[in-house]
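Protein chains: 2
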Amino acid sequence: MERSTRQRQAIRSVMAELNRPLSPTEVLEAARHKVPGMGIATVYRTLKGLVEEGSAVPVELPGEAPRYELAGKKHHHHFHCSKCSKVFELEGCPGDFSFMAPSGFKTERHEIVLYGRCTDCLA
Amino acid sequence: MERSTRQRQAIRSVMAELNRPLSPTEVLEAARHKVPGMGIATVYRTLKGLVEEGSAVPVELPGEAPRYELAGKKHHHHFHCSKCSKVFELEGCPGDFSFMAPSGFKTERHEIVLYGRCTDCLA
DNA sequence: TTTATATTGATAAATCATTATCATAAAGTC
DNA sequence: GACTTTATGATAATGATTTATCAATATAAA
Numbered sequence: 786m787e788r789s790t791r792q793r794q795a796i797r798s799v800m801a802e803l804n805r806p807l808s809p810t811e812v813l814e815a816a817r818h819k820v821p822g823m824g825i826a827t828v829y830r831t832l833k834g835l836v837e838e839g840s841a842v843p844v845e846l847p848g849e850a851p852r853y854e855l856a857g858k859k860h861h862h863h864f865h866c867s868k869c870s871k872v873f874e875l876e877g878c879p880g881d882f883s884f885m886a887p888s889g890f891k892t893e894r895h896e897i898v899l900y901g902r903c904t905d906c907l908a
Numbered sequence: 786m787e788r789s790t791r792q793r794q795a796i797r798s799v800m801a802e803l804n805r806p807l808s809p810t811e812v813l814e815a816a817r818h819k820v821p822g823m824g825i826a827t828v829y830r831t832l833k834g835l836v837e838e839g840s841a842v843p844v845e846l847p848g849e850a851p852r853y854e855l856a857g858k859k860h861h862h863h864f865h866c867s868k869c870s871k872v873f874e875l876e877g878c879p880g881d882f883s884f885m886a887p888s889g890f891k892t893e894r895h896e897i898v899l900y901g902r903c904t905d906c907l908a
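Chains A and B, in that order, give the protein sequences.
When we follow the working numbering, the leftmost residue of the first sequence carries the number 786, and every step to the right adds one.
When we follow the working numbering, the leftmost residue of the second sequence carries the number 786, and every step to the right adds one.
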């Protein structure tokens with residue numbers, strides 16, 4: 786991630802603009818609007834670089850290949866639309882769930898995923 | 786799933802005895818204690834059959850290949866030990882999380898996963 | 001500009017989980 | 001026990017995602 790290329794700029798801006806976890810394919814599709822002809826390998830390479838330098842984080846959802854979002858957001862969870870498969874960021878968190886664990890277990894973190902229909906898919 | 790074989794009996798009993806979501810590999814290892822020489826293909830075939838007949842369900846966790854647990858349990862969530870990677874069943878559920886979704890979204894279900902150390906790994 | 005070299009795009013290769021294949025073995029009926 | 005057919009185990013094949021390769025191109029410093 787040494788040089789600033791059109792491709793990398795496009796990928797970064799797409800992630801900032803869409804502001805939701807994106808799959809490599811989603812990144813490619815959106816970034817191609819800015820840089821036609823971009824290849825999927827560039828997306829994978831750039832996402833890997835962004836994660837390594839700490840400016841993006843992988844978002845893993847059950848049964849899904851990883852998506853990526855920009856780093857620096859505070860603790861939050863995600864909504865997965867069962868129609869369009871887009872993933873959206875949710876604000877806030879109900880709190881601590883360590884009470885759910887059996888006694889003797891030490892809970893360090895948690896993940897919550899909501900499933901349903903997003904606004905666009907309900908319309 | 787027509788015939789009752791030693792392999793199928795072993796797989797069913799292992800799932801009942803361990804009472805937690807098991808990966809095909811975990812099933813194989815445990816079932817081999819009852820039927821030495823069992824092959825992984827038999828595990829995959831049997832798990833698929835159990836799911837099709839409705840007596841087992843896949844358990845998907847973020848970034849993990851599916852595990853399987855016996856069907857018929859009431860709504861619950863899971864704990865994933867970050868040391869031994871075993872997944873445990875949690876009892877109960879804090880409730881409804883649809884308030885977390887943005888207005889205009891329709892929440893249909895949710896998943897909660899706790900991460901930390903299980904009792905054995907803390908000892 | 002020229003130049004050194006990092007980056008790109010196309011695609012082959014690698015990974016990993018799961019499924020298909022097939023000869024052999026076992027279940028269960030007669 | 002003999003027989004018909006399903007099930008098994010070993011392993012090749014598949015599918016999906018991600019990474020490696022490499023010639024051509026673009027970046028940015030001199």
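Backbone N, C-alpha and C define an ideal beta-carbon position, used for all residues, glycine too.
Problem set entry | Simplified DSSP assignment, three categories, for residue 891 of chain A | Residue mapping note: residue 891 of chain A aligns to position 106 of the first sequence, counting from 1. Three-state DSSP puts residue 891 of chain A in a strand.
Exercise. Taking 8 Å as the CB-CB cut-off, is residue 802 of chain A touching chain B?
Worked result: Within the first sequence, residue 802 of chain A is the residue found at index 17, counting from 1. It does not: the Cβ of residue 802 of chain A has no partner Cβ on chain B nearer than 8 Å.
Exercise. Does the beta carbon of residue 860 of chain B sit closer than 8 Å to a beta carbon anywhere in chain A?
Worked result: Taking the first residue of the second sequence as 1, we reach residue 860 of chain B at position 75. False, the Cβ-Cβ gap to chain A never drops below 8 Å.
Problem set entry | Closest residue to residue 856 of chain B among B:881, B:894, B:795, B:805 (Cα-Cα distance) | Within the second sequence, the letter at position 71 stands for residue 856 of chain B. Cα-wise, what sits closest to residue 856 of chain B is B:805.
Problem set entry | Neighbourhood of residue 902 of chain A by C-beta, 8 Å cutoff - its chain only, sequence neighbours within 5 removed | Residue mapping note: residue 902 of chain A aligns to position 117 of the first sequence, counting from 1. Only 866, 867, 868 meet the Cβ criterion.
Exercise. Counting only beta-carbon atoms, is residue 818 of chain A nearer than 8 Å to chain B?
Worked result: Within the first sequence, residue 818 of chain A is the residue found at index 33, counting from 1. Taking Cβ atoms only, chain B never reaches closer than 8 Å to residue 818 of chain A, which makes this a no.
Exercise. Is there contact between the segment 794-802 of chain A and the segment 812-825 of chain A, where contact requires at least three CB pairs shorter than 8 Å?
Worked result: yes
For this session: Decide if residue 861 of chain A is buried, meaning its Cβ has at least 16 other Cβ atoms within 10 Å, or exposed.
Result: In the first sequence, residue 861 of chain A corresponds to position 76, counting from 1. Label assigned to residue 861 of chain A: exposed.
Exercise. What is the rounded straight-line gap between the Cα of residue 900 of chain A and the Cα of residue 899 of chain B?
Worked result: Translated into the one-based positions of the first sequence, residue 900 of chain A becomes position 115. Translated into the one-based positions of the second sequence, residue 899 of chain B becomes position 114. In a straight line, the C-alpha of residue 900 of chain A is about 18 Å away from that of residue 899 of chain B.
Exercise. Which residues in chain B sit within 8 Å of residue 795 of chain A, going by Cβ to Cβ distance?
Worked result: Walking along the first sequence from the start, residue 795 of chain A turns up at place 10. Within 8 Å Cβ-Cβ: nothing; residue 795 of chain A doesn't reach chain B, min ~27 Å.
Exercise. So residue 817 of chain B is in the alpha helix (DSSP H); what residue range does that whole segment cover?
Worked result: Mapped onto the second sequence, residue 817 of chain B falls at position 32. From DSSP, the alpha helix (DSSP H) with residue 817 of chain B extends over 809-817.
Exercise. Beta strand (DSSP E) containing residue 874 of chain B: first to last residue?
Worked result: One-based indexing of the second sequence puts residue 874 of chain B at position 89. Taken as a continuous stretch (DSSP letters only), the beta strand (DSSP E) holding residue 874 of chain B covers 872-875.
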